[in-house]
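Visitor:
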Amino acid sequence: MNFRSIYGIAGNFFHQPQREIRILMYHRVTEDKQVKDKHITVTPQAFEQQMQFLQENDWQVIPLSEALSQLQSGCIKHSNQLVLTFDDGYRDNYDIAYPILKKYQFPATIYLITSLINCDPYFLSLAHLTEMFEGAITYGSHSITHPNLTEISLEESWKELGSSKIGLESALGYLIKTFAYPSGYFNSIHQQMLGELGYSAALTIAPGGNTCHDSLFALKRTEISFHDSLLDFKNKLRGGFDWAHQLAQQHSGLYPVPQQPIQRIS
1 MNFRSIYGIA GNFFHQPQRE IRILMYHRVT EDKQVKDKHI TVTPQAFEQQ
51 MQFLQENDWQ VIPLSEALSQ LQSGCIKHSN QLVLTFDDGY RDNYDIAYPI
101 LKKYQFPATI YLITSLINCD PYFLSLAHLT EMFEGAITYG SHSITHPNLT
151 EISLEESWKE LGSSKIGLES ALGYLIKTFA YPSGYFNSIH QQMLGELGYS
201 AALTIAPGGN TCHDSLFALK RTEISFHDSL LDFKNKLRGG FDWAHQLAQQ
251 HSGLYPVPQQ PIQRIS
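Numbering-wise, full-length UniProt numbering puts 258 at position 258 of the sequence shown, and it's gapless, one number per residue.
Printed below as a string of structure tokens:
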């Protein structure tokens, strides 16, 4: 057992058990040793092992829409529920992750950078999206170009949030209701924009489980990374690493800055 695993076990003592829904955040599932951002990657073997653990230990993997329904109604059925999400829309989500998800009959939601669809061989094509949609995979917007929303103008933010939604709806033929903040950066203005644009929820990278008291436009997620052993994964499911992730993100300025309400931008 390494120090990382010990931190996770110790973190379980800080996490107060409560009825919550945890949303896991993945990016890439690949063996590619040339990947630059290794911390957002898990190997196929690790991903398979994690999905097998969920199935064998009575974790219920539910669609994001079901999680939102429970959170909104104020009635979370039980705390052994999870949602699986993937950010960016990498091609390996189709080649590697999707067959494993099908094997375990797990639903998932992929957040797409719309400018990369059909335009980059490392990312998903419309054909991939259509095929996976038939196999319990749903989609949300991750913007057009993946900017830091707090560093661009309000007009640019409106376009990133709105045009990405319209583009996906046109291509896929169904309503896009959720958004994932690029790199986790946002403020209350962006939350207001999302509501005006017709989104029903938005996902952050802030760690933790989600309760009925949390804002649907600031849902927390638990990042799963290359460094996680199976023991680390188990501890993350129970909030063992939340405290460490929260400290790191507070120092990096990822938490939203309150802003005054704005008028709708047209």
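Just so it is clear, CB atoms sit at the ideal spot from N, CA and C, and this is done for glycine as well.
Quick one: what's got a C-beta closer than 8 Å to Met51's C-beta in the same chain, skipping five residues either side?
Guide: Result list for Met51: Ile100, Leu101, Lys103, Tyr104 and Phe106, in chain order.
Visitor: At which residue ranges does the region 171-210 contain complete alpha helix (DSSP H) runs of 4 or more residues, listed in the order of the chain?
Guide: DSSP runs (the alpha helix (DSSP H)) wholly in the region 171-210: 188-196.
Visitor: Here's the rule I'm using: 16 or more other beta-carbon atoms within 10 Å means buried, otherwise exposed. How should Leu230 be labelled?
Guide: That one is exposed.
Visitor: Which residue from Asp32, Leu64, Leu82 and Val35 puts its Cα closest to that of Phe233?
Guide: Looking at the Cα atoms, Leu82 is the closest of the given residues.
Visitor: Looking at C-beta atoms only, is the number of pairs between the region 107-124 and the region 133-151 that lie closer than 8 Å three or more?
Guide: A contact exists between the region 107-124 and the region 133-151.
Visitor: At the level of alpha carbons, what is the spacing between Pro147 and Leu194?
Guide: Rounded to the nearest angstrom, the two C-alpha atoms are 16 Å apart.
Visitor: Note down, one range per segment and in chain order, each alpha helix (DSSP H) of at least 4 residues found wholly within the region 34-61.
Guide: Within the region 34-61, the complete alpha helix (DSSP H) runs of at least 4 residues are 44-56.
Visitor: Identify whether Glu151 lies in helix, strand or coil by the three-state DSSP scheme.
Guide: It is helical.
Visitor: Which residue from Pro121, Ser79 and Phe133 puts its Cα closest to that of Asp58?
Guide: Residue Ser79 is the option with its Cα nearest to Asp58.
Visitor: Taking the straight line between their C-alpha atoms, what separation do you get for Leu54 and Glu155?
Guide: Roughly 42 Å separates the two Cα atoms.
Visitor: Confirm, please, whether the CB-CB distance from Phe226 to Tyr199 is below 7 Å.
Guide: Taking 7 Å as the Cβ cut-off, Tyr199 and Phe226 do not qualify as a contacting pair.
Visitor: Considering only their Cβ atoms, is the gap separating Leu149 from Phe186 smaller than 7 Å?
Guide: In this structure, Leu149 lies closer than 7 Å to Phe186 by Cβ.
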